[in-house]
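Okay, so here's the structure we're looking at.
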Amino acid sequence: MKPPEHGPDDNEELVYTDDAIVGRAFRWSAITLVALVVVGGGAYWVLRPRPAVAPTHVTRLTAPETAAKPAAPVPKATFTDITESAGIRFRHDNGAYGEKLLPETMGSGAAFLDMDGDGDADLLFVNSTSWPGHAPADGKVATAALYRNDGTGKFTDVTKGSGLDIPLYGMGVATGDFDNDGRPDVLITSVGGARLFHNEGQGRFTDVTASAGVGGDPKDWSTAATFFDMDNDGDLDLFVGNYVRWSRDIDAQVGYKIDGTHRAYGPPMNFQGAFPRLYRNEGGGRFTDVSATSGVQVKNPSTGVPMAKTLGVAPMDIDGDGWTDLAVANDTVQNLLFRNKHDGTFEEMGALSGFAFDSYGNVRGAMGIDACRFTKDGRIGFAIGNFANEMTALCVAQPTPGGGSHPLFADEAIAWGIGGPSRDPLKFGIFFFDYDLDGRSDLLSVNGHLEEEISKIQNGQRYQQPAQLFWNAGDAGFSQVQSEQAGPDLFRPLVGRGSAYADIDGDGDLDVVFTQSQGAPLLLRNDQALGNHFVRLKLEGSTANRDGAGAQVKLVANGEPQWRNITSTRSYLSSSELPVTFGLGKATNVDEVEIVWPGGKHQKLTEVPVDRLTRIQEPK
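Numbering (our numbering), first residue to last: 26 to 645.
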């Protein structure tokens, strides 16, 4: 075949061919050179003079500090189920009809509050209701339930005509006297925004959501909320957390299937987060939404969407500056810690402080939260109930290097004896309380799964789960309490959700209530008979807010200090009583009580009676 004739570009083509030939020759030369270097280097490596071997340096490692087992046995202090005998007939209704909508899994909270000012703790249960188009055949619409306490732990249903007997898909409850009239008001969070009810007295409440301006958006799914005085001006402001951006259509699009075939309740990872809302109390029953300017609306830095998926909030002065900060527990995203900057704004420092993630930098499924100075030296601990197969978090304040103003936290759940036993259950309601009145704060967790069929998918998991109680043995850490020490009623398996405590019968020890999803609550009377003494204090502000919310109380007995933070916001979607209880053990007198009121005013008392409740008014 005749070769092709050269054209105008033949010279360029020939240059390329020549370069290729030269390149091949160069590569062979380079390969030969590299081979010589390798052979020579190998010979040197074999024949090189050997240096003297340096002595081996062994770095001594110490294991993480772990609390020893308690030296003293766990005391016997029985809790008795009195739900029916106390007159409680409430049953939670999640409205489920088979479509498996995410809000149906979340349950609702409860609140102990003295609604009528007679000195004892009444009881409010939040309820969900039927979905549109799925009203019950009998026409009975589910609403919240309000019970009046007669002072002995016997309750009467006073829901009808209370103003709280309206249907809404309720979630949580926050209580606080927002207008300082001496009566606790009620905020109920729900799918569809929040509702504020003003306490008119005599067991009557008026919906003032619109006039107060705190309803949020009808598309909100509001969850955890708290009344607190963010600016120390003497009235209670309001923080309302929202869970995720949700609607029935979004839920259907997510289309979660637990076994790949059948629709199930999905985790929140596939739902966008939602901003919380912060309302400043302007007085006169009106609030201003300062959410956007206050620093509490944090965006995901990667996506720009709202970060928070809030299920718990704990108001606490974390740095001792006299201003209330906020710790926020989020589900499957990082927890947030808002430090009060004294000017109506907050600095988010969850990651900076060590509060945001677990010890490995992972997020967890956080539900309820509570804060307490539970150590002998008064360090703050945040207990956070997490999802199944995740330990309860116990974020404890650490010494700050160089005396810096930014607090630091570390999860010490394992060291304190809580981590291992708490791993398996799905934790919701959680709070600190001194159930045996020995002067140390114990920890109670209420548990229950989301999916009814979970046992078919995960071995060892159950839909109904028992609560867990941890006894505080001081420096020796916490010890898990068993049924032979606290009775079987406390550990009855439930689809547990909210929890709260109060002294419902005036005997000085703390009784508890658990709520459960799509079921009856559990009211448990504390029947401990250990002979320990106590002090109960009810604060009343004058220049500070009437509830004394945000005040820090220190009691010293027999030279041993204890601390309490004044707030009703604890646990998961729930509120406990405002009076604080100090167990004294066998001590029969109090050395001193010191109160730091919101804003920094100090008050000291030395004559405090034992085994009774004392009302303390802030000096003007």
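C-beta atoms are modelled at their ideal positions from N, C-alpha and C, and glycine is treated no differently. The model shown is predicted, which means the values in this text are computed figures rather than measured ones.
query                                                                                                        : result
Stretch-stretch touch, CB-based, cutoff 8 Å, three pairs: the segment 557-566 with the segment 216-228       : no
N267 and T335 closer than 8 Å at C-beta                                                                      : yes
CB of N557 within 8 Å of CB of D461, strictly                                                                : yes
C-beta atoms of D572 and G197 nearer than 8 Å                                                                : no
Terminal residues of the beta strand (DSSP E) in which T214 lies                                             : 210-215
Alpha-carbon to alpha-carbon, Q505 and Y385                                                                  : 25 Å
Meets three-Cβ-pair contact criterion under 8 Å: the segment 230-246 and the segment 574-588                 : no
Where A88 falls, given that 16 or more other Cβ within 10 Å makes a residue buried                           : Residue placement at A88 is poorly supported in this model, since its pLDDT is 40, which falls under 50; the coordinates are not used for a value here.
Validate contact between the segment 467-476 and the segment 283-298 using beta carbons, cut 8 Å, 3 pairs    : yes
Boundaries of the alpha helix (DSSP H) in which R648 is found, first to last residue                         : Any question about residue 648 goes unanswered here, given that the chain covers just 26 to 645.
Minimum length 4: unbroken alpha helix (DSSP H) runs contained in the segment 307-390                        : 316-319, 375-378
Separation of L547 from D182, as counted between CA atoms                                                    : 16 Å
Where V47 falls, given that 16 or more other Cβ within 10 Å makes a residue buried                           : Model confidence at V47 stands at a pLDDT of 32, short of 50, so the residue's coordinates are unreliable and nothing is read from them.
G164 burial status per 10 Å Cβ neighbour count (16 or more: buried)                                          : exposed
Completely contained beta strand (DSSP E) runs for the segment 506-533, where each covers 3 or more residues : 521-527
Which listed residue (L494, L126, Q493) has its alpha carbon closest to that of Q279                         : The residue asked about is misnamed: residue 279 is Val in this sequence, not Gln. Residue L126 is the option with its Cα nearest to V279.
Counterpart residues of T417 in DSSP-defined beta bridges                                                    : For T417, which the question treats as bridged, DSSP gives no partner whatsoever.
Burial state of T313 (16 or more Cβ within 10 Å)                                                             : exposed
Residue of N497, R273, K452 minimising C-alpha distance to Q489                                              : K452
Three CB pairs or more closer than 8 Å across the segment 303-313 and the segment 327-347                    : no
Distance, E619 Cα to R208 Cα                                                                                 : 26 Å
Per-residue burial, G379 [other beta carbons within 10 Å of its own, 16 or more giving buried]               : buried
Cβ-Cβ distance between A354 and A391 below 8 Å                                                               : yes
Inter-residue Cα distance where the pair is R114 and S524                                                    : 17 Å
Contact check, G444 vs M416, beta carbons under 8 Å                                                          : yes
Beta-bridge pairing of K452 - partner residues as DSSP gives them                                            : N472
Neighbour-count burial assignment, P623, 16 or more Cβ in a 10 Å radius                                      : buried
Residue span of the beta strand (DSSP E) that contains I275, given as start and end                          : Run containing I275: none in the beta strand (DSSP E); it sits in the alpha helix (DSSP H), 273-279.
DSSP bridge partner residues for V198 (one or two, in chain order)                                           : I213
Assigned secondary structure, K481 (DSSP; H/G/I helix, E/B strand, else coil)                                : helix
Any 3 or more C-beta pairs closer than 8 Å across the segment 153-163 and the segment 173-181                : no
Per-residue DSSP class, three states only, for G406                                                          : strand
Alpha carbon of S110 to alpha carbon of Y122, nearest angstrom                                               : 31 Å
Length of the line joining the Cα atoms of D514 and S601                                                     : 21 Å
Per-residue burial, G186 [other beta carbons within 10 Å of its own, 16 or more giving buried]               : exposed
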